[in-house]
Amino acid sequence: KIGKGSVSVSSAAVELMMSRAMQDIRKPASKLNVCIVGAGKMSRLLLLALFSKYPEIQVTLVNRSVEKAQEVLDDDLVKARGGANATVAPLEKMWDAIRASDVTFTATGSKVPIMHPEDLETLERNLMLIDISVPLNVASGCAKVD
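Just so we're aligned, residue 2 is where the sequence shown starts under my numbering, counting upward by one.
(1) Starting from the N-terminal side, write out each stretch of the beta strand (DSSP E) that is 3 residues or longer and does not extend beyond the segment 79 to 144.
(2) Please give the ranges of any alpha helix (DSSP H) in the segment 25 to 86, keeping only runs that are unbroken, at least 4 residues long and fully inside the region.
(3) I'd like to check one pair, Thr105 with Leu130: are the Cβ atoms closer than 8 Å?
(4) Would you decide whether Gly39 is buried or exposed? Buried here means 16 or more other CB atoms lie within 10 Å of its CB.
(5) Is DSSP giving Ser9 helix, strand or coil here?
(6) To the nearest angstrom, report how far apart Lys54 and Arg21 are at their CA atoms.
(7) Leaving out five residues before and five after Asp25 in sequence, what residues of the same chain have Cβ atoms less than 6 Å from its Cβ?
(8) Excluding the 5 residues flanking Glu57 on each side, which residues of the same chain have their C-beta closer than 7 Å to its C-beta?
(9) Please tell me whether Glu122 and Val146 are closer than 8 Å, where the distance is taken between their beta carbons.
(10) State yes or no: is the C-beta of Leu121 nearer than 7 Å to some heavy atom of the ligand FAD?
(11) Could you say which of Ile133, Ala144, Leu137 and Ser141 lies nearest to Val10 if we only look at CA atoms?
(12) Let me confirm a value: Val113 is counted as buried when at least 16 other C-beta atoms fall within 10 Å, else exposed. Which label applies?
(13) Cα-Cα, which of Glu119, Leu124 and Arg126 is closest to Gly142?
(14) Leaving out five residues on either side along the sequence, give the residues of the same chain with a beta carbon under 7 Å from the beta carbon of Met95.
(15) Give the DSSP-derived three-state secondary structure of Val15 in the structure shown.
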């Protein structure tokens with residue numbers, strides 16, 4: 002059907018999170034704690050899609066530059082849709098933010114994966130990883146970690 006469904010990778014990623022949250026995380030999407038790694042165009046589009054559905058959702062935006070991450074959160078369009086419960090964190094705190102999250106989106110410009118299976122083995126909770134980066138930020142094999 003023309004006009005149905007997602008119009009961008011970012012909105013499709015949010016739709017995927019929404020459709021799988023109860024099954025995979027056992028929480029309604031509105032109650033999820035979300036981490037977004039990266040603060041570029043794709044992350045901004047993720048925030049727009051996310052806040053359009055859930056303006057009060059808990060989000061941590063992780064980036065090398067916390068100033069850049071804060072600029073993305075302070076964007077007029079982003080702020081108009083939500084973000085009262087959004088915070089920023091430096092890249093050094095990425096794993097703390099991921100450990101505290103139910104869903105992590107990756108959207109960085111890294112040319113190599115930033116997450117590997119061995120990085121996920123110590124997590125003590127279910128984690129949904131959604132990688133919208135090109136090239137991918139999440140190494141193959143991460144889906145198989147229990």
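Backbone N, C-alpha and C fix where the C-beta goes; we use that ideal spot for every residue, glycine too.
Reading it off the structure:
(1) 87 to 91, 104 to 107 and 129 to 132
(2) 42 to 54, 67 to 75 and 77 to 82
(3) yes
(4) buried
(5) coil
(6) 15 Å
(7) Met129
(8) Gly83, Ala85 and Asn86
(9) yes
(10) Looking at this structure, you won't find the ligand FAD or any other ligand, since it has none at all.
(11) Ile133
(12) exposed
(13) Glu119
(14) Val38 and Val63
(15) helix
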